[in-house]
Structure formats: C-alpha cells, structure tokens
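For reference, the structure is listed below as structure tokens.
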Amino acid sequence: MPATRPAPLPLPTRPKPADAQLDAVFFALSDPVRRALLERLKVGSAKVGELAEPFGISLQAISRHLQVLVSAGLVTQERTGRINRCSLTAGPILDATVWLSRYSHYWEAQFEGLKAALGVASKPARKRSNKGGVK
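Each number in our numbering corresponds to the 1-based position in the sequence shown with 2 added.
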C-alpha cells in the first residue's frame, strides 16, 4: 500500500489587527528589562529617569525599551515640558492572558496524566492530632 501523506499546512495569512497587537505584546514581554519596567509601573506612574535608575544601561536604551512597550499598548507616556511620565496600561496583558488560557486544558491534562503516572490520588488532607494540647 502506498503511504498516505499528511494534509498540507495552510499557507500563512495576513495577520489580523488583533493578532498584530498580540504579537507586539508578546514581543514586548519577551525582554527582562521591559518586564521589570512593567513591574515598576504596576506601583504607579514614574518619570523616565526614575525608571532608569535601577538599570546599568543608558537612558537612551531605557527609552528604546519604553517605545517597544508604548507600541505594544502596555505603557502610555505623557509629556509636560521636558518631563516624560510613563503609566502602565494593563489591557493588552489581559488580552494575552485570554489567548494563553485557551491552552490551559492541555496543561491540566498533562498534570492529570503525570499524577496518574506517579500514582498520586486526590485525597483530602488528614487532620493532624493535637496531642500536645496546644490550640
């Protein structure tokens, strides 16, 4: 019998605007410096100079990282004179979380299989005896 060939993969299509936004968010989150900047902005808005302080890189490098975050929609910048204040915009992170959650059933199935392979049963925790009299 002749071997059957798998069906060809569909050709890539142009990304939808939502896909392009998701790509930008994942790209922005791929760098540890940008993730650290988002962690700092979680506390509240900050000037670019304040954001740059903990890093051993130039102000210009921090500005480039911030531009990637702004392009992804994760950070907004407000300029007042020479002062540039940055704020976190968490909406795109929610969109990425929703996209990732579509794959949670896969991981849950993997963990269940691992649990079964290890022979771990879901049992309620046993109550400890309190023989020492301490409450």
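Heads up, the beta-carbon is just placed ideally off N, CA and C, and yes, glycines get one too.
- Which residues does DSSP pair with residue 80 in a beta bridge? Taking the sequence shown and counting its residues from 1, one reaches residue 80 at position 78. Paired residue(s): 87.
- Measuring CA to CA, which of 20, 89, 80, 66 is closest to residue 33? Along the sequence shown, one-based indexing puts residue 33 at 31. Closest by alpha carbon: 66.
- Task: Determine the extent of the alpha helix (DSSP H) in which residue 64 is found, giving its start and end residues.
- Result: Indexing the sequence shown from 1 puts residue 64 at position 62. That run of the alpha helix (DSSP H) goes 61-73.
- Message: When you compare the CB positions of residue 77 and residue 60, do they come within less than 9 Å of one another, or not?
- Response: As a position in the sequence shown, residue 77 is number 75, starting the count at 1. As a position in the sequence shown, residue 60 is number 58, starting the count at 1. No, they are not a contact pair.
- Roughly how many whole angstroms lie between the Cα atoms of residue 42 and residue 106? In the sequence shown, residue 42 corresponds to position 40, counting from 1. In the sequence shown, residue 106 corresponds to position 104, counting from 1. Distance between the alpha carbons of residue 42 and residue 106 is about 28 Å.
- Item | Beta-carbon gap between residue 30 and residue 96 smaller than 9 Å | By one-based count along the sequence shown, residue 30 stands at place 28. By one-based count along the sequence shown, residue 96 stands at place 94. Their beta carbons are not under 9 Å apart, which means residue 30 does not touch residue 96 by this criterion.
- Query: In chain order, what residues of the same chain have a beta carbon less than 7 Å from the beta carbon of residue 54, not counting five sequence neighbours either side?
  - Reply: Indexing the sequence shown from 1 puts residue 54 at position 52. Closer than 7 Å at the Cβ level, and outside the excluded window around residue 54, lie 61, 64.
- Item | Close-in-space but distant-in-sequence residues of the same chain around residue 68 (CB under 8 Å, 5 per side omitted) | Reading the sequence shown from its first residue, position 66 is the one you call residue 68. Counting only Cβ-Cβ distances below 8 Å, and skipping sequence neighbours, we find 39, 50, 53, 77, 79, 88.
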